[in-house]
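Enquirer: There's a structure below that I have some questions on.
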Amino acid sequence: MKNKVLAIVAAVVLAIGVVGVAAGGGTSAGAAPAAEGRGLLVNVTTDDTWSANMAFSLATNAAGQGLDVIVFLNVRGVYLADAERMPATEGNSDQNLHEKIAALVDAGAKVIVCPSCAMEAGLTQDDLVDGAVIGEPGGILPVLADPNYNVISY
193 MKNKVLAIVA AVVLAIGVVG VAAGGGTSAG AAPAAEGRGL LVNVTTDDTW
243 SANMAFSLAT NAAGQGLDVI VFLNVRGVYL ADAERMPATE GNSDQNLHEK
293 IAALVDAGAK VIVCPSCAME AGLTQDDLVD GAVIGEPGGI LPVLADPNYN
343 VISY
């Protein structure tokens, strides 16, 4: 049931993006205009590689459309940024998940690891891949309360 709900949410988000580009008359080759002052928080609670791949792909697309993007890795999602874990390659990408994190950061996104979850998992900043940072306790709360940010969870 949870997978069906996630699939429906993902389909709606993708459909809204496609309709928005078509209706908004993107700037070139289907690119949407920059979303100045708007942001997307992608909350990743799992180390399931399929879900993570979908989350990172959505985040990359959002950053490419000019949104301020934050990927928040929490609960078991913190393991996705563990440099010692073998990163998986999922879907139609030739990048593994660690490379996708680097690409997200290169695109201007922030990849923040929940500090409490990192501590519970025994991870420190030195354990993480380049670009992922351990956040401050409670640091994500202002983003969650910001009406300019939308949140999607994987």
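Quick note: the sequence shown uses this note's numbering, first residue 193, plus one each step.
All residues carry an ideal CB built from backbone N, CA and C; glycine is no exception.
These numbers were taken from a predicted model, which means no experiment stands behind them.
Comparing alpha-carbon positions, which option in 261, 280, 279 lies nearest residue 303?
Expert: 261
Enquirer: Measure the beta-carbon distance from residue 326 to residue 305 and round it to whole angstroms, keeping in mind my assumption that it falls under 8 angstroms.
Expert: 5 angstroms
Enquirer: Assuming residue 319 contacts residue 251 under a Cβ cut-off of 8 angstroms, what Cβ separation, rounded to an integer in Å, is found between them?
Expert: About 22 angstroms; that fails the 8 angstroms criterion.
Enquirer: Can you check whether the CB of residue 270 is closer than 8 angstroms to the CB of residue 234?
Expert: no
Enquirer: Pick helix, strand or coil for residue 304, following the three-state DSSP scheme.
Expert: strand
Enquirer: Using the C-alpha atoms, what's the distance from residue 229 back to residue 241?
Expert: 30 angstroms
Enquirer: The beta strand (DSSP E) that contains residue 235, what's its start and end?
Expert: 231-236
Enquirer: Taking all protein chains shown into account, do 16 or more other C-beta atoms lie within 10 angstroms of the C-beta of residue 224, making it buried, or fewer, making it exposed?
Expert: For residue 224, the pLDDT reaches just 40, beneath the cut-off of 50, and the residue's location in the model is therefore unreliable, although a value from the coordinates is still provided. Residue 224 comes out buried.
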